[in-house]
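Colleague:
Written out as C-alpha cells, the structure reads:
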C-alpha cells in the first residue's frame, strides 16, 4: 500500500472522492514526475540529442506540472473547482503531449517507452479524477 | 532590469507575445511564490494560528502553482494552448482566492497585506497574458 | 517494480552505485515528500493546530528538500561530490528532525505516525547512499 | 524594495541574521533559479545543442536546488545548522559549477553570460550567509 493511500486512510478529507482513486492519482503524478526527470537525463545522454530536443522540453514541463499537481492534490485543501479543474486539465494535456512524443522514440529508446507509459497512466488518472469531481 | 527581462532579450522566443509582458508575468509569479512561502511561515508564528489555517492552506497551494507556472513560462516551450491556458487559469484562480483571504487579515497582519498585494499583481499578470495569447 | 527502478534499467548511469540502492533512495525521497505534504494538511485540520506548528514547519522544509533531492538524484547528472554530498546530508538531517517531531505526535495522530515512518526510511536511504559513494 | 525584503520587515525572525543580507540571498536564489530555467530552454534552442549538454544538466540541477533553498530560506524555520548549512553549501557548489560552465559559453551565447552572472551572484550570497551564521 503506497504512502499516499496510507495517509488518506488516517484523516478525514475535504475532497469528496473515493480514496482509492485519489491515492491512484497522487501515485501516478509522483511516478510521472520522476519518470520525466529521469527521461530528460537519459535523452541528454543519447548520441542523437538534437532529435530529442522536443522530448526534453516536454519532459521538463511535464515534470514541473505533475510535481505541483501532486503537492496540491496531496494536501487536498478545500476543493475549489476554479483551481483544481484547470490544474488537472493542464496536467492531463501535458501528459498527453509528452506521452505522444515519448512514444515516437519508444522503439529506439527504452527509457522513452517507460516514460510514455508513466505519462499515459497519469493522463488517465487525471481525467478520471476530473470525471469524478464534475 | 530583472533577470527574466535580460534573459528574454538574449534569445528568439517561441511564445509570440511582448517581451515586457512576459517578463512582468515571470517576475510576478516568482514574487508571489516567494511572498506566499514567507506568509505561510509568518502565519505559523502568529498567536491566533487557528484563525490563519485557511490562509496557510491557500498560501501553500498558491506557492506551488506559481512556482511551476514560473518555471514553465520561463522555458517558453513551444506554446501549447491546451497546457498553458489552463495552467495560467489555475494560477490566476489560486492567486484570486489567496489574495482574498490574505486581504481579510491585512489590517491585523502586515505580512498578509504584502502577500495580498503580490497575489493581486500576479493574478492581473496571468490574466493579461491569457488575454494576449487568445 | 517502481518507475525509478525501471528507468534506471534502461540507460547507462554516471552515478557509480548499485541500481537497487539508487532506486530505493529515489522512491524513499518521493514517498517522504508526499507524506510530508499530506501530513502538513492533516496537521492543519487538527483541533490542536497550535501544538502542531513545529511539525508543520518541519514537514514543509522536509517536503521541499526531498522533492529537490529526488529530482537531482533522478537525473544523475555527472556525480559531483561537492553538490551531492551536502544535498544528501541536508536531506538526511531534515528527515531526522521531521521524523523526531512526527514521532512525538504519533500516538495522538496516526497521520504523524505514517509520516514519521516515511521520514525514517528516507533518512536511512540517504545515509546508505552517502556511505556507498564515499 | 523586493517582496522578500518587504516580507522580512513585517515579522520577527528566528534566523538571527541581518535582514538586508537575508533578503539579498532570497532574491539571488529566485533570480538564479529563473535564469537557469530560461538558460536551459535557450540552450535547447541552439544549433550546437550537443555541445550544450553539460550546461543543460547543470542548469537543471542548479534550478532545482536554488528553488528549494529559496523556499526553505523564505520560511526561516527555526534555524537548524545541520539542515541549513549543508543545503547552502550544496547550493553554493552547484552555482559554482553551473556558473563555470555557463561562462565557457558566454562569448558564444549571451543567455549563458547572463546566467553565469546570476550563478556568481547567488554563489556569493550563499557563502556570505554561511559566513554570517557560523
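Protein chains in written order, with the numbering used here: chain A, 60 to 193; chain B, 60 to 193; chain C, 60 to 193; chain D, 60 to 193.
Built from N, CA and C at the ideal position, the CB exists for glycine as well.
Given residue 184/D, which residues of its chain have a CB within under 6 Å of its CB, disregarding the five upstream and five downstream residues?
Modeller: Hits under 6 Å: 83, 84, 87.
Colleague: Could you check where the alpha helix (DSSP H) with residue 130/B kicks off and where it finishes?
Modeller: That run of the alpha helix (DSSP H) goes 112-134.
Colleague: Counting C-beta neighbours from all protein chains within 10 Å, is the total for residue 140/A 16 or more, i.e. buried, or is it exposed?
Modeller: Exposed.
Colleague: Just the C-alpha distance for residue 176/A and residue 130/C, rounded to the nearest angstrom, thanks.
Modeller: Near 19 Å, if we compare the C-alpha coordinates of residue 130/C and residue 176/A.
Colleague: If contact means a Cβ-Cβ distance below 7 Å, which residues of the segment 60-88 of chain B contact chain D?
Modeller: Taking 7 Å as the Cβ-Cβ cut-off against chain D, the residues of the segment 60-88 of chain B that qualify are 62, 63, 65, 66, 69, 70, 85.
Colleague: Assuming residue 137/B is part of the alpha helix (DSSP H), what are its boundary residues?
Modeller: Per DSSP, residue 137/B belongs to no alpha helix (DSSP H) and is neither H nor E.
Colleague: Rounded to whole angstroms, what's the CA-CA distance from residue 60/D to residue 105/B? Just pull it up for me.
Modeller: In a straight line, the C-alpha of residue 60/D is about 24 Å away from that of residue 105/B.
Colleague: In this structure, does DSSP put residue 184/B in helix, strand or coil?
Modeller: Correct three-state label for residue 184/B: helix.
Colleague: State buried or exposed for residue 166/C, treating a residue as buried only when at least 16 other CB atoms are found within 10 Å of its CB.
Modeller: Exposed, because fewer than 16 other Cβ atoms sit within 10 Å of the Cβ of residue 166/C.
Colleague: Kindly list the residues whose CB is nearer than 6 Å to the CB of residue 160/C, restricted to its own chain and excluding five residues on each side of it in sequence; keep chain order.
Modeller: Closer than 6 Å at the Cβ level, and outside the excluded window around residue 160/C, lie 113, 114, 117.
Colleague: In chain order, what residues of the same chain have a beta carbon less than 6 Å from the beta carbon of residue 98/B, not counting five sequence neighbours either side?
Modeller: Taken in chain order, the residues that qualify are 118, 170, 174.
Colleague: Distance cutoff 7 Å, beta carbons only. Does residue 109/C sit that close to anything in chain B?
Modeller: Yes, its Cβ sits closer than 7 Å to a Cβ of chain B.
Colleague: Short check: CB of residue 154/B to CB of residue 178/B, under 7 Å?
Modeller: Yes, these two residues count as a Cβ contact at 7 Å.
Colleague: CB-CB under 8 Å to residue 76/D, same chain, minus the five flanking residues each way: which ones, in chain order?
Modeller: These residues qualify, in order along the chain: 188, 191, 192.
Colleague: Grouping DSSP H, G and I as helix and E and B as strand, with all else coil, what is residue 62/D?
Modeller: Helix, per DSSP.
Colleague: Can you tell me whether residue 106/A is helix, strand or coil according to DSSP?
Modeller: DSSP places residue 106/A in coil when its eight states are reduced to three.
Colleague: Can you find a C-beta in chain D that's less than 7 Å from the C-beta of residue 131/A?
Modeller: Not closer than 7 Å to any Cβ of chain D, the Cβ of residue 131/A fails to qualify, so no.
Colleague: Which residues in chain C have a C-beta closer than 8 Å to the C-beta of residue 116/B? List them in chain order.
Modeller: Residues of chain C passing the Cβ test: 100, 103.
Colleague: Listed from N- to C-terminal order along the chain, which residues in the segment 132-148 of chain B have their beta-carbon within a distance smaller than 8 Å of any beta-carbon of chain D?
Modeller: So the close ones are 133, 134, 135, 136.
Colleague: Can you tell me whether DSSP reads residue 165/A as helix, strand or coil?
Modeller: Residue 165/A falls in the coil class under three-state DSSP.
Colleague: Would you tell me roughly how many angstroms separate the C-alpha atoms of residue 111/B and residue 109/C, rounded to the nearest one?
Modeller: Whole-angstrom Cα-Cα distance: 11 Å.
Colleague: Applying a beta-carbon distance threshold of less than 8 Å, which residues of chain D neighbour residue 164/B?
Modeller: Under the 8 Å cutoff, chain D gives no residues; its nearest Cβ is about 12 Å from residue 164/B.
Colleague: So, with DSSP's three-state summary, where would you put residue 99/C?
Modeller: Three-state result, residue 99/C: helix.
Colleague: Suppose contacts are defined by Cβ-Cβ distances below 7 Å. Is residue 95/C in contact with residue 122/C by that definition?
Modeller: Closer than 7 Å, so yes.
Colleague: When we look at the beta-carbon of residue 107/A and count the other beta-carbons within 10 Å, is it buried (16 or more) or exposed?
Modeller: Counting Cβ neighbours within 10 Å, residue 107/A comes out exposed, since fewer than 16 surround it.
Colleague: Exposed or buried, residue 90/C, counting other C-beta atoms within 10 Å across all chains shown (16 or more means buried)?
Modeller: It counts as buried.
Colleague: Hey, does residue 112/A have any beta-carbon neighbour from chain D nearer than 7 Å?
Modeller: Residue 112/A counts as touching chain D.
Colleague: Look at the Cβ atom of residue 125/B, then the Cβ atom of residue 92/B, and state whether they are nearer than 7 Å.
Modeller: It is a contact, given that the beta carbons lie within the stated cut-off.
Colleague: With a threshold of 7 Å between beta carbons, is residue 184/C in contact with chain A?
Modeller: With 7 Å as the cut-off, residue 184/C does not count as an interface residue toward chain A.
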